[in-house]
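Enquirer:
Residue numbers (this note's numbering): 658 to 865.
Following this line, the structure appears as structure tokens:
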């Protein structure tokens, strides 16, 4: 937890000194703090002895920070960081290196850079947006088996409501995809690891 908040604080300290310069350049800088949950689909896992069983990923809570600037209407550049806490249940599992069929916990850290497209604001201050990009993902289990660091790709979209010039509320859903984390088992059933996150955040506009 402490490491997460230190990372978020560091990003804020990196972002805030540049906001006046970016606003003066007409890039409409803005930043957001968000929180939410996630949907991590159940799937089959195979251990080193080729025994297969069901894994359920649950109870995820995530917080994050995002900074964005306009490139050229309606395109913007986004950079963000998210930290999520998860529980893993192995259903009717044989003895394996993933806690022997018991629950274990792990964190997922996502650092990403995206291109976003947005519609103009309606008369009611609403707009839709879509976003996609790539970044790095770190998955760290609490059982001490070591971190799994690799690439990730994400895409999603949502709606933004802007009741005032300075603030807006953003609701989104975003799917982070990456390689299946090696720490779960010595051999997985292959494919991509989906981390579908939902979030709501307060967006602070530092420009127009």
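Heads up, the beta-carbon is just placed ideally off N, CA and C, and yes, glycines get one too. Predicted model only: the values in this text are computed from it and were never measured.
Check whether the Cβ atoms of residue 743 and residue 763 sit closer than 8 Å, and answer yes or no.
Expert: Position 86 of the chain shown, counting from 1, holds the residue named residue 743. Position 106 of the chain shown, counting from 1, holds the residue named residue 763. Contact: yes.
Enquirer: Under DSSP, the beta strand (DSSP E) around residue 812 begins and ends at which residues?
Expert: Reading the chain shown from its first residue, position 155 is the one you call residue 812. Note, residue 812: beta strand (DSSP E), 805–818.
Enquirer: Between the C-alpha atoms of residue 777 and residue 730, what's the straight-line distance to the nearest angstrom?
Expert: Counting from 1 along the chain shown, the entry for residue 777 is found at position 120. Counting from 1 along the chain shown, the entry for residue 730 is found at position 73. Distance between the alpha carbons of residue 777 and residue 730 is about 9 Å.
Enquirer: Exposed or buried, which one is residue 780 when buried takes at least 16 other CB atoms within 10 Å?
Expert: As a working note, residue 780 is residue 123 in the chain shown. When all chains shown are included, residue 780 counts as exposed.
Enquirer: Tell me the residue span of the beta strand (DSSP E) that contains residue 689.
Expert: Looking up residue 689 in the chain shown gives position 32. Per DSSP, residue 689 belongs to the beta strand (DSSP E) from 687–696.
Enquirer: If residue 804 sits next to residue 791, beta carbons under 8 Å apart, how far is it from one beta carbon to the other, in whole angstroms?
Expert: Translated into the one-based positions of the chain shown, residue 804 becomes position 147. Translated into the one-based positions of the chain shown, residue 791 becomes position 134. About 19 Å separates the two Cβ atoms, so there is no contact after all.
Enquirer: Quick one: Cα of residue 724 to Cα of residue 733, how far?
Expert: Within the chain shown, the letter at position 67 stands for residue 724. Within the chain shown, the letter at position 76 stands for residue 733. Those two C-alpha atoms are separated by around 10 Å.
Enquirer: Which first and last residues belong to the beta strand (DSSP E) in which residue 836 is found?
Expert: In the chain shown, residue 836 corresponds to position 179, counting from 1. Per DSSP, residue 836 belongs to the beta strand (DSSP E) from 824–836.
Enquirer: Among the candidates 828, 821, 838, whose CA atom is the shortest distance from the CA of residue 785?
Expert: Within the chain shown, numbered from 1, the residue matching residue 785 stands at position 128. When each option's Cα is compared against that of residue 785, the closest is 828.
Enquirer: Output needed for residue 806: all residues of its chain with C-beta closer than 6 Å, excluding positions within five of it in sequence on either side, in chain order.
Expert: Taking the chain shown and counting its residues from 1, the one referred to as residue 806 is at position 149. Excluding residues within five positions, the ones whose Cβ falls inside 6 Å are 795.
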